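See below for the structure under consideration.
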Amino acid sequence: MDYVPNPNPMLSYTTSTATATAVATVTATNSSSTSASPSRYENQKRRDWNTFGQYLRNHRPPLSLTLCSGAHVLEFLRYLDQFGKTKVHNHPCPYFGIPNPPSACPCPLRQAWGSLDALVGRLRAAYEEHGGRPETNPFGARAVRLYLREVRDYQAKARGVSYDKKRKRPNNQKQQLQARQA
Numbered sequence: 010m011d012y013v014p015n016p017n018p019m020l021s022y023t024t025s026t027a028t029a030t031a032v033a034t035v036t037a038t039n040s041s042s043t044s045a046s047p048s049r050y051e052n053q054k055r056r057d058w059n060t061f062g063q064y065l066r067n068h069r070p071p072l073s074l075t076l077c078s079g080a081h082v083l084e085f086l087r088y089l090d091q092f093g094k095t096k097v098h099n100h101p102c103p104y105f106g107i108p109n110p111p112s113a114c115p116c117p118l119r120q121a122w123g124s125l126d127a128l129v130g131r132l133r134a135a136y137e138e139h140g141g142r143p144e145t146n147p148f149g150a151r152a153v154r155l156y157l158r159e160v161r162d163y164q165a166k167a168r169g170v171s172y173d174k175k176r177k178r179p180n181n182q183k184q185q186l187q188a189r190q191a
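In C-alpha cells, the structure reads:
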C-alpha cells in the first residue's frame, strides 16, 4: 500500500493513487462551485469547533472526540464561563432579581444563556458534519440540555426577567380579511 499526499491539506493521507485522484477531482469541483466565502454562521461554527478541539487536546489526560461525553461538554461550558461578559447576580446580592441595578456590584461576569445555547447548537451541527453520529452526539446529551435549562432559569431569576416560551398567536390577518369580506 503506497501513501499519496492528498492535495487538500484539510484531509488526511489517502491510501491509493486512484483515491487521491478522485478526492482531487471532488475537491476541485467543490472549490469551484463554492468560491463564495463561507457565511458568518459557518465561520463561527468552524471557530467554535476548533476551540472545542483545542480544549480536548489540552484536557488532562488529552481526549479524543470519540471518548467525549456530555460531562466533557459541561466542563467546556463551565470553562467558557470565565470569559463571559454578562453580569449574573448571586443570591446574596442586593440586586438579585432587579432587571436594571442602579449601581455596580461584585457579582461575576458569566456567559449569557443565549450565547451558550447558540454555541451548543453550532457544535452539535459541527459534530455531525465531522462524521459523528447523531445518536452519539455529546452536545445533544440530556445533561447538556438540563444544564442549559438551569442556566436559563437562574439567569432569568437573577435579572428579574422570565424566559417564557413564546406561544403561537392565532393568525389575526386571516381573521381580519374574513371579517372584511363578510
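Just so you know, the working numbering puts 74 at position 65 of the sequence shown, and the rest follows in order with no gaps. Ideal placement from N, C-alpha and C gives every residue a C-beta, glycine not left out. The structure presented is a predicted model; accordingly, all values stated were derived computationally and were not measured.
Proximity of residue i and residue j at Cβ, strictly below 9 Å
| i | j | result |
| --- | --- | --- |
| D126 | L83 | no |
| S124 | G93 | yes |
| Q164 | T95 | yes |
| R55 | A135 | yes |
| L155 | L128 | no |
Element boundaries [alpha helix (DSSP H), containing residue i]
| i | result |
| --- | --- |
| G123 | 122–138 |
| A152 | 151–168 |
| H68 | Note, H68: premise wrong, no alpha helix (DSSP H); not H, not E. |
| H81 | 79–89 |
Closest residue to residue i among the options (Cα-Cα distance)
| i | options | result |
| --- | --- | --- |
| F148 | R49, I107, N67, F85 | F85 |
| H100 | S112, C116, R87, N109 | C116 |
| E51 | G130, H68, K166 | G130 |
| A63 | G141, P47, H81, P110 | The identity of residue 63 in the sequence shown is Gln, whereas the question assumes Ala. Comparing Cα positions, the closest option is H81. |
Contact set for residue i: own chain, Cβ-Cβ below 7 Å, skip 5 residues either direction
| i | result |
| --- | --- |
| L132 | D57, W58, F61, F148 |
| E137 | P143, N146 |
| T28 | Low per-residue confidence applies at T28: pLDDT is 35, beneath 50, and the placement is therefore not dependable enough to give any value. |
| V160 | W122, L125 |
Nearest-angstrom Cβ-Cβ length linking residue i and residue j, presumed shorter than 8 Å
| i | j | result |
| --- | --- | --- |
| V97 | R119 | 5 Å |
Close-in-space but distant-in-sequence residues of the same chain around residue i (CB under 8 Å, 5 per side omitted)
| i | result |
| --- | --- |
| P71 | L65 |
| H139 | W58, L74 |
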